[in-house]
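J.: Line order of the protein sequences matches chains A and B. Take the first sequence: its position 97, counted from the start at 1, is 97 in this note's numbering, and no numbers get skipped. Take the second sequence: its position 212, counted from the start at 1, is 1212 in this note's numbering, and no numbers get skipped. No residue lacks a Cβ here, since even glycine has one placed at the ideal position from N, Cα and C. The structure displayed is predicted, hence computed values, not measured ones.
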Amino acid sequence: MTETRLPEIPLAQAQLIQGNEACVKGALAAGCRFYGGYPITPSSEIAEHMVRLLPNIGGVFVQMEDEIASLASVVGASLGGMKSMTATSGPGFSLMQEHIGFAAMTEVPCVIVNVMRGGPSTGLPTSPSQGDVMQARWGTHGDHPIIVLAPSSVGEVFHVTVKAFNLAERFRTPVIVLYDEIIGHTRESVVLPATVDVIDREQPHDDPDDFWPMVAPPDGTPPLPAFGDGYRFHVTGLAHDERGFPTNDAQVAEALVARLHRKIEAHLDEIVEVDTYMLDDADIAIFAYGIVGRSAREAVERARDAGIKVGLIRPVTLWPFPAREVAAVASRVDTILVAEMNLGQLIGEVERAVAGNAEVLGYLKADGEPITPTTLLEEILHAEKVRQ
Amino acid sequence: MTDVKSYLREWAMPHVLCPGCAHGIVLRSFLTAVDQLQLDQDKIAMVAGIGCSSRLAGYVDFCTLHGTHGRAPAFATGLKLARPDLNVVVVTGDGDALAIGGNHLIHAARRNIDITVLLLNNSIYGMTGGQAAPTTPEGAIASTTPAGNTEPNFDACKLLIGAGASFVARVLAANPMDMTKVMADGLNHPGFSFIEVISDCPEYFGRYNKVGGGAEMLTWMSVRDEGVSGPLSDKRFVNHIPSSAPPPGLATGVLHNELRPVFSGVRKVGRS
């Protein structure tokens, strides 16, 4: 891990910026030097800030012809050795699924930001939503793990974007940053860290003539040299052997897919991040993430004022799902109230992790309006009544 | 001259191509051009899509990316922008580049990014078993056009000239020396070079349309190559009447060559 600072881009001073701008600053601080994207509300400010800042620090920007091409260009640039990202929203995210799967299968590091808006289809382009949580996990064909991070404030967008690049490089995987229109467009005063810890992808030490690109060390992630740096190797989305060459061999294919999972699942301690608030003596826990996590925090404080023992579990990492952490909370509380801006996506995962050890209630809505603290306070009062 | 085998991954052989398929001849012509130009083997990246021609990328000892169906120009765009020091070559087929990948191809041409695209046109989808492609001539038999194709086909070179490609050529797999020369010119050209190679698919196109095996198909296309006549796009398929007299077909040779500003993304000028 190395520490970087970006003198060209002031970070450690109070600034009033949007979530989308914080995302750009986090990406650049983490070492992102390539952006390929396609305009879509409510993510376009990311591209608009990128095109102004990237050239000053040796980076390159391209506006591609669609979101399929955007992520393809990102994968191509990443193979060229540049840390790369794109940003989009629901409809564009649907188009990107093809190359999220490709990046997962070929183990090319990249970051995809999805600023969620109301769906389905063109839906509510300027309204917030959390409707893409399952698409982020299961939108592609085939079996592969994915890392999905969900910040809940402008400051956390910066932190999470840095982490997304670090995890992408560390585990050679696509990482998705998932937040909604409110966080993308809200301006908050933040002071960002002047330096951040940065991880770069491992480089091989083999002789180029003996290099097999898909031979993994025990921790599961093979090194990745850049195209053009002296290692000549093949990259394919077909099932491939350790030499990177296509195969139909069932055992080889199984070993590959198993390793793709293992390299993530064996390192949950590096990946899973969960924020908790006032849980120690709680009878009720609210499970909320992203912007809803902030409403929930306020609702927890108001409910505490009313004498109700309620706390908050707010996953920053949505995938891999923090099942261990949710199960631990379930063993201590009577009720878990899941609030999300969709008609029920992570609540199923919560129920699975809770495994009957607590009652699971849901406050689920998908009308393009945020979930307010007042609404959640009413839900807490209701949950308290049910509990007694 | 170096043995072109030094550019091949012999360990990856045998290859997947069918007997009589001309794609191997095309690849040899390309590698000969690479050798003539003495390009640095470490600085060549071949980017492919999905299909028979795209599988060629697996057999060459360069940095090779076998991407997704139709998207090779988009992968190549990102790679070239990140690594201007690389010679980026796209190898693609007619279905890959002109159907599912049409959008990426025309936009790469419009930008005039400095990559070379080899489109191996065999007038059919070979890898998936002989379905009609956007290049399948009207009247021709494919597995999805058992009564003859009712759609008109693309003239890929006209399309690419219209889209802004600054170097456009069409060559025949039957003429390996011409292929090498045009490919070398394309590799040398600053900007977007598009080379359509008329290849063959004896296994599907040849069999379904009774135009013979590989040798017959190469002979057939070369007989037509008398200046203006050409490849498999041919009036006879419209009428289902085999004819020995080739009608005017697609033009071959370098069809368009201009110099215009090369796209390098939004970046600081003077910085590579």
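Residues of chain A with a CB under 8 Å from the CB of Lys1268 of chain B: which are they?
T.: By Cβ distance, chain A contributes Pro55, Asn56 and Gly58.
J.: Mind pulling the chain B residues with CB within less than 7 Å of Ala77 of chain A?
T.: Within 7 Å Cβ-Cβ: Gly1078, Leu1079, Leu1081 and Ala1082.
J.: What are the residues that DSSP puts in a beta bridge with Ala339 of chain A?
T.: BP columns for Ala339 of chain A point to A:Tyr363.
J.: Just the Cα atoms here: how many angstroms apart are Val115 of chain A and Ser89 of chain A?
T.: Val115 of chain A and Ser89 of chain A: Cα-Cα distance of roughly 5 Å.
J.: Counting only beta-carbon separations shorter than 7 Å, does His1107 of chain B have a partner in chain A?
T.: For His1107 of chain B, the answer is yes, since a Cβ of chain A falls inside 7 Å of its Cβ.
J.: Helix, strand or coil, according to DSSP, for Gly36 of chain A in the structure here?
T.: Here Gly36 of chain A sits in strand by DSSP.
J.: Along the region 1056-1071 of chain B, where does the CB come closer than 8 Å to a CB of chain A? Name the residues.
T.: Taking 8 Å as the Cβ-Cβ cut-off against chain A, the residues of the region 1056-1071 of chain B that qualify are Ala1057, Gly1058, Asp1061, Phe1062, Cys1063, Thr1064, Leu1065, His1066, Gly1067, Thr1068 and Arg1071.
J.: Nearest-angstrom Cα distance between Val1171 of chain B and Ala72 of chain A?
T.: Going by the C-alpha atoms only, they are around 29 Å apart.
J.: Looking only at DSSP bridge pairs, what is Gly1095 of chain B linked to?
T.: Answer is none; Gly1095 of chain B lacks a bridge partner.
J.: Quick check on Ala11 of chain A: does DSSP put it in helix, strand or coil?
T.: One point to set straight first is that residue 11 of chain A is Leu, not Ala, in the sequence displayed. Three-state DSSP puts Leu11 of chain A in coil, outside helix and strand.
J.: Could you check which residue in B:Val1182, B:Gly1265, B:Ser1199 and B:Tyr1204 has the C-alpha nearest to that of Val1254 of chain B?
T.: Selected option, being the one with the closest Cα: B:Val1182.
J.: Should Ala1165 of chain B be flagged as near chain A, meaning a C-beta pair shorter than 7 Å?
T.: False, the Cβ-Cβ gap to chain A never drops below 7 Å.
J.: Between B:Gly1126, B:Gly1078, B:Cys1052 and B:Gln1036, which lies nearest to Gly1206 of chain B when the distance is taken from Cα to Cα?
T.: Nearest option by C-alpha distance: B:Gly1126.
J.: Would you say Val274 of chain A and Glu325 of chain A are within 7 Å of each other, going by their C-beta atoms?
T.: Cβ atoms of Val274 of chain A and Glu325 of chain A: closer than 7 Å.
J.: Just to confirm before moving on: does the CB-CB distance between Ala253 of chain A and Ala239 of chain A stay below 7 Å?
T.: It is a contact, given that the beta carbons lie within the stated cut-off.
J.: Identify whether Ser189 of chain A lies in helix, strand or coil by the three-state DSSP scheme.
T.: Residue state, collapsed to three classes: strand.
J.: Given that Glu67 of chain A touches chain B, what residues does it touch there, using C-beta distances under 9 Å?
T.: Chain B residues near Glu67 of chain A: none, gap ~10 Å exceeds 9 Å.
J.: For Asp1003 of chain B, tell me which candidate among B:Gly1213, B:Ala1251, B:Ala1072 and B:Arg1028 has the shortest Cα-Cα distance.
T.: Checked all of B:Gly1213, B:Ala1251, B:Ala1072 and B:Arg1028; the closest Cα to Asp1003 of chain B is B:Arg1028.
J.: Is the Cβ of Asn1103 of chain B closer than 7 Å to any Cβ of chain A?
T.: Yes, because at least one Cβ of chain A sits closer than 7 Å to the Cβ of Asn1103 of chain B.
J.: Which residue marks the beginning of the alpha helix (DSSP H) containing Thr1116 of chain B, and which one marks its end?
T.: Thr1116 of chain B -> not in any alpha helix (DSSP H); beta strand (DSSP E) instead, spanning Thr1116 to Asn1121.
J.: In chain A, which residues lie less than 8 Å from Leu1086 of chain B when you measure between Cβ atoms?
T.: Here the neighbours are Gly80, Phe227 and Gly228.
J.: Please confirm whether Ser78 of chain A and Val108 of chain A have their CB atoms less than 7 Å apart.
T.: Result yes, Cβ atoms of Ser78 of chain A and Val108 of chain A sit closer than 7 Å.
J.: Counting only beta-carbon separations shorter than 7 Å, does His234 of chain A have a partner in chain B?
T.: Yes, because at least one Cβ of chain B sits closer than 7 Å to the Cβ of His234 of chain A.
J.: Per DSSP, which residues does Arg116 of chain A bridge with? Please list them.
T.: A small fix is needed here, since residue 116 of chain A is Met in this sequence, not Arg. Its beta-bridge partners are A:Asp180.
J.: Suppose you measure from the CA of Gln63 of chain A to the CA of Pro39 of chain A; what does that come to, to the nearest Å?
T.: For Gln63 of chain A and Pro39 of chain A, the distance between alpha carbons rounds to 8 Å.
J.: In three-state DSSP terms, what is Thr276 of chain A?
T.: Three-state result, Thr276 of chain A: strand.
J.: Check this for me: beta carbons of Phe1062 of chain B and Ile1050 of chain B, under 7 Å apart or not?
T.: Not in contact: Phe1062 of chain B and Ile1050 of chain B (Cβ atoms no closer than 7 Å).
J.: Taking DSSP as the reference, what is the three-state secondary structure of Val1168 of chain B?
T.: If DSSP states are grouped into helix, strand and coil, Val1168 of chain B belongs with the strands.
J.: In chain order, what residues of the same chain have a beta carbon less than 7 Å from the beta carbon of Gly1067 of chain B, not counting five sequence neighbours either side?
T.: Once the five neighbours on either side are set aside, the close Cβ partners of Gly1067 of chain B are Val1047, Ala1048, Gly1049 and Phe1075.
J.: Closer than 7 Å by beta-carbon distance: list the chain A residues that pair up with Gly1126 of chain B, in chain order.
T.: In chain order: nothing, as chain A lies at least about 17 Å away.
J.: Could you tell me which chain B residues have their CB closer than 8 Å to the CB of Leu238 of chain A, listed as they occur along the chain?
T.: Those within 8 Å of Leu238 of chain A in chain B are His1066.
J.: Assuming Arg1260 of chain B and Val60 of chain A are in contact, meaning their beta carbons sit under 8 Å apart, how far apart are those beta carbons, in whole angstroms?
T.: Contact doesn't hold; Cβ gap of about 20 Å is too wide.
J.: Touching or not, the region 276-285 of chain A and the region 313-329 of chain A, by the rule of three or more beta carbon pairs under 8 Å?
T.: Output reads yes: the region 313-329 of chain A touches the region 276-285 of chain A.
J.: Answer yes or no: does any C-beta atom of chain A fall closer than 7 Å to that of Gly1139 of chain B?
T.: No - not a single Cβ of chain A is within 7 Å of the one on Gly1139 of chain B.
J.: For a minimum of 4 consecutive residues, which ranges assigned as the alpha helix (DSSP H) are wholly contained in the region 1157-1219 of chain B?
T.: Within the region 1157-1219 of chain B, the complete alpha helix (DSSP H) runs of at least 4 residues are 1176-1188.
J.: Let me make sure I understand the geometry here. Which of B:Val1016, B:Tyr1007, B:Lys1005 and B:Leu1008 has the alpha-carbon closest to that of Thr247 of chain A?
T.: Closest by alpha carbon: B:Val1016.
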